[in-house]
Amino acid sequence: MADKYGIKATLDRLGIKEINSGATTGTVWFETTGKVIESFAPADGELIGKVQEASKEDYNKIMETAKEAFKVWREVPAPKRGEIVRQMGLELRKYKEDLGRLVSYEMGKIYQEGLGEVQEMIDIADFAVGQSRQLYGFTMQSEREKHRMFDHYEPLGIVGVISAFNFPVAVWAWNTMLALIAGDTVVWKPSSKTTLCAVATHNIMANVLKANNLPEGIINLVIAGSKVLGDDFLDDKRMPLISVTGSTAIGRRVASRVGQRLGRTILELGGNNAIIVSKEADLDMALRAIVFGSVGTAGQRCTSTRRLIVQEDIYDSLVQRLVKAYESVAQKIGHSLNPDTLVGPLIDKGSVEAYSWAIGEAQKEGGKVLFGNKVLSGEGFETGTYVVPTIVEAENHYNIVQEETFAPILYIMKYKTIEDAIELHNNVPQGLSSAIFSRNMLETELFISGSGSDCGIANVNIGTSGAEIGGAFGGEKDTGGGRESGSDSWKIYMRRQTTTINFGTSLPLAQGLKFDF
Ligand code: UN1
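Note that the working numbering has the sequence shown beginning at 273, numbered continuously upward.
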């Protein structure tokens with residue numbers, strides 16, 4: 273095929289070969305001998321490259337190397353660890369376009385969103401550099417005289433990162449940049465659907481590791497299926513923390529396995545994100561947010577807008593405008609690297625089936641398709657991975673509305689009072705992201721109060737997706753309760769220790785206890 277989008281040069285610059293190793297301890301790539309994973313572009317079905325999976329032995333070697341590296345890395349002062357992360361951010365800046373293009377090509381999101389994803393990596397690197405000088409603990413007042421009490425944060429160990437296809441590189445960065453300044457080492461198990469993005473990321477990072485003569489094992493990549501990296505990975509006591517981004521079903525499995533050994537998890541699972549549109553909203557703004565939230569990344573963000581809860585007085589006019597907006601977006605479905613495209617393909621045919629099935633289920637339960645419900649075929653759409661973003665008039669209690677379908681389907685429903693809207697809003701199993709559009713402060717304050725949205729993210733006059741890295745990212749209920757990225761999320765990557773120091777000459781016991789002998 274003609275290399276219309278300059279992919280070949282991009283792959284060369286990113287060090288992607290025809291067949292790539294699926295295991296590295298940083299700069300040394302293993303001679304893997306496992307199954308070969310072929311990576312096809314969802315946009316045009318071309319074979320981008322192959323990755324050969326790691327074996328159990330490779331995995332064990334990686335874990336042992338990461339364990340040894342931890343002993344060295346934890347002794348590097350945190351601001352000096354921050355300096356390495358600063359260089360990683362600079363290196364990512366150099367490769368932003370290439371890595372963004374590969375993300376777009378391998379995952380299928382449009383190039384603009386590929387660039388945005390790499391920008392999230394750069395942003396979290398910058399954030400982590402600053403944080404490296406701010407790993408603060410508290411000082412507390414001791415009840416005993418001449419005693420000092422404080423807590424401090426120490427490195428934790430090896431952090432396992434399991435990432436999903438939809439953000440093939442940013443989620444790794446959210447975890448890794450913080451883990452690194454925390455003094456931890458990282459073992460990454462990426463999605464088997466986006467392995468080349470992981471290889472490319474490690475190639476970029478290797479430049480920094482080499483330039484600083486760092487030991488092997490600080491950041492590690494291991495690509496393998498569940499035969500090699502199944503329950504054994506979750507059960508591996510060498511990893512005190514595993515961060516997982518994926519479906520609620522996956523998260524449940526991870527949490528119970530890791531919980532068995534009392535390991536820690538960060539769970540970033542499914543969302544069922546809604547926007548409430550009040551009759552007091554700025555509808556132009558709301559419309560922009562709804563469309564970006566529901567069709568952006570072809571509905572494959574965990575923060576994608578899946579439900580729209582609209583005040584009944586403005587329902588008809590908003591639906592009309594929304595259908596119009598969808599009509600124009602539907603003209604811009606196409607190859608993820610075409611700059612005119614707004615909606616790229618779904619990741620694979622399985623997702624297309626899930627899309628059609630979900631719409632069918634909604635119809636069976638009484639839903640009415642207002643727009644879409646179409647799998648595209650013909651020129652440019654030969655892969656069978658392109659679908660038309662869909663709006664379904666539905667009710668919140670439908671089984672299918674209660675589920676997260678990773679596709680551009682928006683369920684739309686009516687409400688009368690703000691209290692009703694919040695009730696509908698919270699009445700789903702998941703609790704990731706949420707938003708209200710209103711210029712009435714009584715409504716917006718209620719929405720973000722204790723009686724309001726029950727999600728980890730609650731936005732006012734901003735959509736559900738596209739969070740900045742500076743905030744804590746994650747959600748409640750079936751979303752798993754984890755928090756990554758900004759705010760004080762760094763703490764989970766560290767071991768907290770409370771210390772009391774006696775600088776007196778007697779040994780008083782706490783609680784005034786007497787124990788004389
Ligand atoms: C995800 O979909 O897994 O808030 C992460 C957002 C992005 C991250 C999404 N910053 O939409």
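Backbone N, C-alpha and C fix where the C-beta goes; we use that ideal spot for every residue, glycine too.
Proximal residues to Ile396 (C-beta, below 7 Å), its chain only, five neighbours per side dropped: Here residue 396 refers to the residue found at position 124 of the sequence shown. These residues qualify, in order along the chain: Ala445, Trp446, Met449, Ile741 and Ser757.
CB-CB length for Asn577 against Ser589, believed under 8 Å: Here residue 577 refers to the residue found at position 305 of the sequence shown. Here residue 589 refers to the residue found at position 317 of the sequence shown. In the sequence on display, residue 577 carries Thr and not Asn. The pair is not a contact, with the Cβ atoms about 19 Å apart (cut-off 8 Å).
Stretch-stretch touch, CB-based, cutoff 8 Å, three pairs: the segment 453 to 465 with the segment 422 to 439: yes
C-beta contact flag for Leu580 and Ala546 at 8 Å: For this step, residue 580 is matched to residue 308 along the sequence shown. For this step, residue 546 is matched to residue 274 along the sequence shown. Yes; because the gap between Cβ atoms is below 8 Å, this pair is in contact.
Three-state class that DSSP yields for Phe678 in the structure shown: Position 406 of the sequence shown, counting from 1, holds the residue named residue 678. In the three-state DSSP reduction, Phe678 falls in the coil class, being neither helix nor strand.
Distance between Gly317 and Tyr627 (C-alpha atoms, nearest Å): As a first step, residue 627 must be located in the sequence shown, where it is residue number 355. As a first step, residue 317 must be located in the sequence shown, where it is residue number 45. Taking the straight line joining both Cα atoms gives about 19 Å.
Buried versus exposed, by CB contacts within 10 Å (16 or more), Gln324: Start at 1 with the first residue of the sequence shown, and residue 324 comes out as number 52. Buried, since its Cβ has 16 or more Cβ neighbours within 10 Å.
Where the beta strand (DSSP E) through Ala546 begins and ends: For this step, residue 546 is matched to residue 274 along the sequence shown. Residues Asn545 to Val549.
Own chain, CB closer than 8 Å to Pro701, minus 5 neighbours either side, in chain order: Locating residue 701 in the sequence shown gives position 429, counting from the first residue. For Pro701, where only same-chain residues beyond five positions count, the Cβ hits under 8 Å are Thr520, Asn544, Gln674, Lys749 and Asp750.
Own chain partners of Thr655 with C-beta closer than 6 Å, once the 5 adjacent residues on each side are dropped: Taking the sequence shown and counting its residues from 1, the one referred to as residue 655 is at position 383. Counting only residues of its own chain and dropping the five nearest sequence neighbours on each side, Thr655 has a CB closer than 6 Å to the CB of Gly317.
Cys469 CB to nearest heavy atom of the ligand UN1 below 7 Å: Position 197 of the sequence shown, counted from the first residue, corresponds to residue 469. Cys469: no, Cβ never under 7 Å from the ligand UN1.
Leu452 beta carbon less than 8 Å from that of Val300: As a working note, residue 300 is residue 28 in the sequence shown. As a working note, residue 452 is residue 180 in the sequence shown. Not in contact: Val300 and Leu452 (Cβ atoms no closer than 8 Å).
Inter-residue spacing [alpha-carbon to alpha-carbon] between Thr736 and Ser498: On the sequence shown, residue 736 is found 464 positions in, with the first residue counted as 1. On the sequence shown, residue 498 is found 226 positions in, with the first residue counted as 1. Each residue's Cα considered, the two are about 33 Å apart.
Cβ-heavy atom distance, Arg573 to the ligand UN1, below 7 Å: Here residue 573 refers to the residue found at position 301 of the sequence shown. For the ligand UN1, at least one heavy atom lies less than 7 Å from the Cβ of Arg573.
Three-state secondary structure assigned by DSSP to Tyr587: Position 315 of the sequence shown holds residue 587. The answer is helix: DSSP assigns Tyr587 an H, G or I state.
Touching by the beta-carbon criterion (3+ pairs, under 8 Å), the segment 346 to 355 and the segment 277 to 286: no
Beta carbon proximity, Phe789 to chain D, threshold 8 Å: As a matter of chain content, chain D is missing from the structure shown, which is built from one protein chain.
In DSSP terms, what Ile684 is bridged to: In the sequence shown, the residue the question calls residue 684 occupies position 412. DSSP output for Ile684 lists Leu580 and Glu665 as bridge partner(s).
Per-residue DSSP class, three states only, for Lys749: Numbered from 1 along the sequence shown, position 477 holds the residue referred to as residue 749. Here Lys749 sits in strand by DSSP.
Collapsed DSSP secondary structure at Ala739 in the structure displayed: As a first step, residue 739 must be located in the sequence shown, where it is residue number 467. If DSSP states are grouped into helix, strand and coil, Ala739 belongs with coil.
Collapsed DSSP secondary structure at Ala249 in the structure displayed: Because the chain in this structure spans residues 273 to 789, residue 249 falls outside the shown range and cannot be described.
Tyr425 - containing beta strand (DSSP E), residue span: As a first step, residue 425 is located in the sequence shown; it is residue number 153 there, counting from the start. Tyr425 -> beta strand (DSSP E) spans His419 to Pro427.
Beta-carbon proximity of Leu539 to Gly753, cut-off 8 Å: Locating residue 539 in the sequence shown gives position 267, counting from the first residue. Locating residue 753 in the sequence shown gives position 481, counting from the first residue. Going by C-beta atoms, Leu539 is nearer than 8 Å to Gly753.
Segment limits, beta strand (DSSP E) that includes Thr448: What you label residue 448 is simply residue 176 of the sequence shown in a count that begins at 1. That residue, Thr448, is in no beta strand (DSSP E); its alpha helix (DSSP H) goes Ala442 to Ala454.
Unbroken alpha helix (DSSP H) run spanning Ser515, endpoints: Taking the first residue of the sequence shown as position 1, residue 515 is located at position 243. That residue, Ser515, is in no alpha helix (DSSP H); its beta strand (DSSP E) goes Leu513 to Thr517.
Member of Gly531, Val549, Tyr408 and Ile605 whose CA lies at the smallest distance from the CA of Lys763: Walking along the sequence shown from the start, residue 763 turns up at place 491. The option with the nearest alpha carbon to Lys763 is Tyr408.
Beta-carbon proximity of Leu534 to Thr296, cut-off 8 Å: Against the sequence shown, residue 534 aligns to sequence position 262. Against the sequence shown, residue 296 aligns to sequence position 24. Not closer than 8 Å, so no.
Ala707: CB within 7 Å of a non-hydrogen atom of the ligand UN1: For the purposes of this step, residue 707 is taken as the residue at position 435 of the sequence shown. Checking every heavy atom of the ligand UN1 against the Cβ of Ala707, none is found closer than 7 Å.
Selection from Glu651, Ile681 and Leu618 that minimises the alpha carbon distance to Leu642: In the sequence shown, residue 642 corresponds to position 370, counting from 1. For Leu642, the nearest C-alpha among the options comes from Ile681.
Segment contact, 8 Å Cβ cut-off, at least three pairs: the segment 472 to 482 with the segment 504 to 511: Segments in contact, no.
Ordered list of alpha helix (DSSP H) runs contained in the segment 313 to 348, each at least 4 residues: 328 to 345
Reduced DSSP secondary structure (H/G/I, E/B, other) of Gly792: This structure leaves residue 792 out entirely; the chain is present only between 273 and 789.
Terminal residues of the beta strand (DSSP E) in which Phe787 lies: In the sequence shown, counting from the first residue as 1, residue 787 sits at position 515. Neither: Phe787 is in no beta strand (DSSP E) and is coded neither H nor E.
Spatially closest choice to Asn698 from Ser710, Gly728 and Arg711, by CA coordinates: Translated into the one-based positions of the sequence shown, residue 698 becomes position 426. Checking every option, the nearest Cα to that of Asn698 belongs to Gly728.
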